[in-house]
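Take a look at the structure below.
In full-length UniProt numbering, the protein residues as written are 1 to 526.
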């Protein structure tokens with residue numbers, strides 16, 4: 001009897017040549033590094049060098065996170081990935097009433113340029129690639145990073161990395177938005193323009209399906225909703241007067257890798273093919289780099305379990321293999337204890353070692369696109385592509401990604417799928433090892449890493465000292481200049497940078513923009 005994939009598509013017990021009847025390899029596959037990029041965005045892929053090994057880290061104070069980054073670099077990490085705490089993600093300072101109890105809990109607290117200096121102390125920013133998981137206040141954190149680089153003597157054109165900067169998915173699945181969609185898209189376009197002129201090697205956005213998947217999206221929903229958001233960002237930039245080939249080569253994406261290895265490989269291949277076609281046919285992109293869907297992958301945190309946490313090491317290894325076989329450009333492997341608490345030093349090191357085993361002890365990187373021509377994977381790739389394109393058409397019929405968000409379409413679709421998964425797990429139809437099958441009578445004790453609650457007090461003290469010592473008149477003038485830019489049509493990043501240079505805080509800058517643009521209030525339309 002045929003099984004169904006995570007997306008509800010059929011998986012046949014046996015695939016043979018008939019699965020590819022009428023299938024044109026020249027049109028569907030092409031060559032690696034060439035249109036339609038099904039086989040990967042680069043001709044040599046990992047045969048030349050492995051993917052970038054990132055480890056997502058950040059907790060407590062900037063000093064504590066800096067120590068973790070130094071350890072990861074010493075263990076062989078080739079790229080840093082910064083997690084920010086919830087107040088920073090929402091544009092609030094650590095001493096704001098809404099920040100109480102959340103400072104430093106799910107990431108590092110960054111209130112001002114002084115925290116950013118500490119975060120990257122002793123880390124040469126011209127030698128490391130840094131990814132920052134930040135969305136609504138992405139411009140602020142990028143500018144703080146640039147200011148610290150300038151203090152190190154590093155030119156902006158030497159900086160490499162990524163800001164997530166994908167606020168549309170926040171309205172769909174995650175909730176860390178600040179401003180309404182229209183000014184948020186304006187800010188995104190300003191970031192594109194600014195980086196094209198000032199930080200040309202920086203990836204200006206990482207359009208994310210990961211958080212939708214964590215909220216319950218199927219693989220088909222993940223790529224369809226993510227690519228729809230990508231189309232919206234491109235349309236916004238083009239409408240603002242930018243040439244598509246000036247900014248599209250710096251777009252990047254962020255996907256999950258689940259334990260369902262075959263469908264995940266098919267998903268990545270289908271996503272590359274769809275994006276290449278959209279960029280060429282809808283937007284007329286001419287630069288081959290504009291057609292490339294380059295992406296970062298993180299293993300599936302939602303599939304990790306607090307029960308028998310060591311089993312997560314196996315899950316993460318399978319998920320990481322799926323990402324590599326699917327052709328990811330960079331990868332973060334979750335630590336086995338993340339379902340319990342923040343990762344310990346040991347678990348973070350083991351997560352990195354998982355990637356290193358795949359890169360240096362297996363033969364997977366020895367050949368480009370090992371699954372090319374597989375009856376099963378090529379059929380599944382076509383099936384995923386067809387279903388994702390159908391979803392993209394539905395979003396188009398609703399008026400595009402923003403209009404669909406305002407109507408609650410994506411959120412409702414994801415919630416329906418999440419409910420289906422929960423029902424299957426509760427009934428035992430979906431097996432979760434150690435949870436609804438092969439459970440233990442008693443779990444072994446585990447001591448998690450805990451964040452010191454005194455961090456909030458120390459951050460408040462740092463803020464009080466900063467405000468007492470800075471030139472408040474200069475800060476007020478800089479914030480006024482930012483407000484005037486936000487009221488007009490100029491690029492807000494230039495006055496924003498000067499305000500941050502003058503030691504304005506993240507919360508003060510975001511509040512200045514809230515005063516002009518307002519704050520987003522979600523509707524309950526389904």
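Beta carbons: idealized from backbone N, C-alpha and C, even for Gly. Given the structure is predicted, the values throughout are model-derived calculations rather than measurements.
CA-CA distance, residue 474 to residue 501, rounds to 10 Å.
If only uninterrupted alpha helix (DSSP H) runs of at least 4 residues are considered, those enclosed by the region 110-169 are 113-119, 138-152. When the five nearest sequence neighbours on each side are left out, the beta carbons in the same chain lying within less than 6 Å of the beta carbon of residue 115 are those of 62, in order along the chain. Shown here, residue 260 sits in coil according to DSSP, grouped into three states, outside any helix or strand.
The closest CA to that of residue 468, considering only 503, 273, 480, is found on 503.
Straight-line measurement puts the Cα of residue 449 at about 28 Å from the Cα of residue 177. Note on geometry: alpha-carbon atoms of residue 14 and residue 386 lie some 21 Å from one another. Shown here, residue 288 sits in a helix according to DSSP, grouped into three states. For residue 297, DSSP records a beta bridge to 255, 331.
The three-state secondary structure of residue 202, taken from DSSP, is strand. Residue environment: residue 362 is assigned as exposed (fewer than 16 neighbouring CB atoms within 10 Å of its CB, all protein chains considered).
Within the model, the alpha-carbon separation for residue 360 versus residue 380 is close to 29 Å.
Here residue 269 is not near residue 230, since their CB atoms are 9 Å or more apart. Around the CB of residue 457, fewer than 16 other CB atoms lie within 10 Å, so the residue is classed as exposed.
As the crow flies, the alpha-carbon of residue 85 is around 28 Å from that of residue 196. The three-state reading of DSSP puts residue 107 in coil, since its state is none of H, G, I, E or B.
DSSP places residue 521 outside both helix and strand once states are collapsed to three, so it counts as coil. Shown here for residue 154: same chain residues with a beta carbon closer than 6 Å to its own, the five before and five after excluded, namely 125, 126 in chain order. Burial is judged here by how many other beta carbons sit within 10 angstroms of a residue's own beta carbon; residue 479 has at least 16 and is buried. With contacts defined as CB atoms closer than 9 Å, residue 104 and residue 175 fail to qualify as a contacting pair.
If you look at residue 81, you'll find it in the beta strand (DSSP E) that goes 79-83. Note on residue 472: under 16 other CB atoms within 10 angstroms of its CB, so exposed under the neighbour-count rule. The DSSP assignment places complete alpha helix (DSSP H) segments of no fewer than 4 residues inside the region 444-495 at 454-469, 472-487, in order along the chain. For residue 98 and residue 495, the gap between their C-alpha atoms comes out near 26 Å. With the rule of 3 Cβ pairs closer than 8 Å, the region 254-261 does not count as touching the region 284-291.
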